[in-house]
Each structure stands twice: as structure tokens, then as C-alpha cells.
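Read through the structure below, which is laid out as C-alpha cells, and then see the notes.
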Amino acid sequence: NAGVTQTPKFQVLKTGQSMTLQCAQDMNHNSMYWYRQDPGMGLRLIYYSASEGTTDKGEVPNGYNVSRLNKREFSLRLESAAPSQTSVYFCASSEGGTIAGNTIYFGEGSWLTVV
Amino acid sequence: KNEVEQSPQNLTAQEGEFITINCSYSVGISALHWLQQHPGGGIVSLFMLSSGKKKHGRLIATINIQEKHSSLHITASHPRDSAVYICAAPFGNEKLTFGTGTRLTIIP
């Protein structure tokens with residue numbers, strides 16, 4: 001039982017390049033999330049998926065797209081990377097329904113630098 | 116505005132001391148999460164509580180829904196407790212608002 005697995009762990013991109021962060025969970029969770037963490041700020045929600053086939057914008061969706069490929073996988077794509085997207089990205093999952101009532105599980109994080 | 120505030124931002128203590136980290140939030144919620152972020156970056160859930168108190172080992176979390184306040188206590192602190200502790204409140208079904216975290220350092 002690996003929990004939440006995200007790749008890559010580290011990536012350096014040039015401005016304007018594109019990339020996809022991959023995330024998979026093996027806990028049969030309905031809900032999956034992508035967050036970014038910046039110095040001095042709390043984790044901020046980029047996009048989430050409450051169930052397979054649905055995605056919704058979070059607090060900071062601009063410059064990102066997501067795909068809920070199936071129940072296990074939720075990917076985050078940067079179409080044209082910008083230095084402002086330099087951050088640590090976390091994928092997370094929970095059983096869903098309401099985040100108030102369910103434990104949330106995080107991946108190990110992906111450190112992305114855009115130069 | 117839905118806000119979550121933690122205090123202190125940084126806390127340094129000697130091994131064995133009793134630690135308290137506070138979290139307050141702006142509007143009523145049904146439950147609150149406490150998380151731990153290890154120095155290497157990984158985040159794990161410690162507690163999710165909606166009322167009263169929960170205990171796991173040397174960690175105790177309390178919440179007062181009426182006062183919109185929660186505390187995380189660590190008894191007999193140890194250097195391995197050094198981490199960033201984060202509280203998070205659900206404002207909306209799928210949206211957690213996170214505090215900025217309390218960086219705890221326990222000195223041997």
C-alpha cells in the first residue's frame with residue numbers, strides 16, 4: 001500500500017516549457033487534490049476532483065490544467081511554465097464526500113523550479 | 116473571509132518540555148485538521164477532530180467550536196518532534212484552508 005505517489009520529485013523547467021505532474025493513489029479514494037506550497041503561505045488549492053470524471057477549480061487555478069484519468073490518477077499540467085509557478089506541489093486524496101469528515105493523505109511533494 | 120491563523124510561527128524548546136501550538140479560525144466549521152510536515156517535506160495527518168479532545172501517543176489535540184480555537188499539545192517533547200505543524204479548516208465541502216504553520220525545534 002503505497003498511499004499517494006507523485007512524480008517527478010524534482011524538476012527544473014525553462015520559462016515557456018510545459019510539463020505534467022503525475023499523481024496516483026491506491027486507497028480507492030474518491031477525492032483528489034493538487035496544492036502548491038510557497039514560503040510564508042499556507043498550502044493553496046489549485047484544482048480538485050471530487051470524483052472520477054469531475055474536476056473543479058480551487059483558489060489558484062490560473063496557468064494549470066488537470067485531468068482525472070481514472071479513479072486512481074490525477075495529473076496536473078503546466079502548459080507554459082512561468083517563474084511564478086516555482087513552488088512545491090503536493091497531491092493529496094481523501095475518501096471524499098466532505099473534507100471535514102475525512103482524513104487527507106498527501107504525496108511526498110514535487111519541487112518545481114522555473115528559470 | 117475564511118482565515119486560519121496559527122501561533123506561534125516559530126517555537127524552540129528544550130527536550131522534555133510541554134509544547135502548545137494554537138490555531139484559530141474565522142467562521143464556524145464542523146471539524147479541524149492537524150498535520151505534520153517533516154523536514155524532508157512530507158505531510159502527514161495527525162488529527163481530525165470536531166469536538167473535545169483526541170490523543171495519540173504524546174500528542175493531544177483539543178478544539179472549542181464555540182470559541183473557534185484549537186490547540187495541539189506535545190508532552191515530553193523530543194528532538195524527533197521537530198517539524199512544521201499545520202492546522203487546516205474546511206470552508207466548503209472539498210476545500211481546506213491551511214494555516215501557515217508553526218515551525219517547532221526541540222533541542223536535545
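If you're matching them up, the sequences are chains A and B in order.
All the letters of the first sequence, read from the start, carry residue numbers 1 to 115 under my numbering.
All the letters of the second sequence, read from the start, carry residue numbers 116 to 223 under my numbering.
We treat Cβ as the ideally placed atom computed from N, Cα and C, and that holds for glycine.
Quiz item: Just to confirm, are R44 (chain A) and E59 (chain A) a CB contact at a threshold of 7 Å?
Solution: yes
Practice problem: Report yes or no: do the region 2-17 of chain A and the region 70-84 of chain A share at least 3 C-beta pairs separated by less than 8 Å? | Solution: yes
Exercise. List the residues of chain B that L4 (chain A) touches, going by C-beta distances under 7 Å, in chain order.
Key: Reading off the sequence, residue 4 (chain A) comes out as Val, not Leu. Going along chain B, no residue has its Cβ under 7 Å from V4 (chain A), so there is no contact; the nearest lies around 10 Å.
Quiz item: Exposed or buried, which one is H29 (chain A) when buried takes at least 16 other CB atoms within 10 Å?
Solution: buried
Quiz item: Run through DSSP, which three-state label would P205 (chain B) get?
Solution: strand
Quiz item: Mind listing which residues of the region 18-45 of chain A have their C-beta closer than 9 Å to chain B's C-betas, in chain order?
Solution: S31, Y33, Y35, Q37, G40, M41, G42, L43, R44, L45
Quiz item: Under the three-state reduction of DSSP, which class applies to S186 (chain B): helix, strand or coil?
Solution: strand
Self-check item: Distance between T217 (chain B) and N125 (chain B) (C-alpha atoms, nearest Å)
Solution: 5 Å
Self-check item: Members of the region 206-218 of chain B that neighbour chain A once the beta carbon cut-off is set at 9 Å
Solution: G207, N208, E209, K210, L211, T212, F213, G214, T215, G216
Exercise. Residues of the region 165-181 of chain B with a CB closer than 7 Å to any CB of chain A: list them in chain order, please.
Key: none
Self-check item: Residues from the region 48-65 of chain A in contact with chain B, defined by Cβ distance under 8 Å
Solution: Y48, A50, D56, G58, E59
Quiz prompt | Short CB-CB distance (under 7 Å) between G16 (chain A) and chain B | solution = no
Practice problem: Measure the alpha-carbon distance for N137 (chain B) versus Y200 (chain B) and round it to whole angstroms. | Solution: 10 Å
Exercise. Provide the residue span of the beta strand (DSSP E) that contains A82 (chain A), from first to last.
Key: Element bounds for A82 (chain A): n/a, residue is neither H nor E.
Practice problem: Label F10 (chain A) either buried or exposed according to how many other C-beta atoms from any shown protein chain fall within 10 Å of its C-beta, with 16 as the threshold for buried. | Solution: exposed
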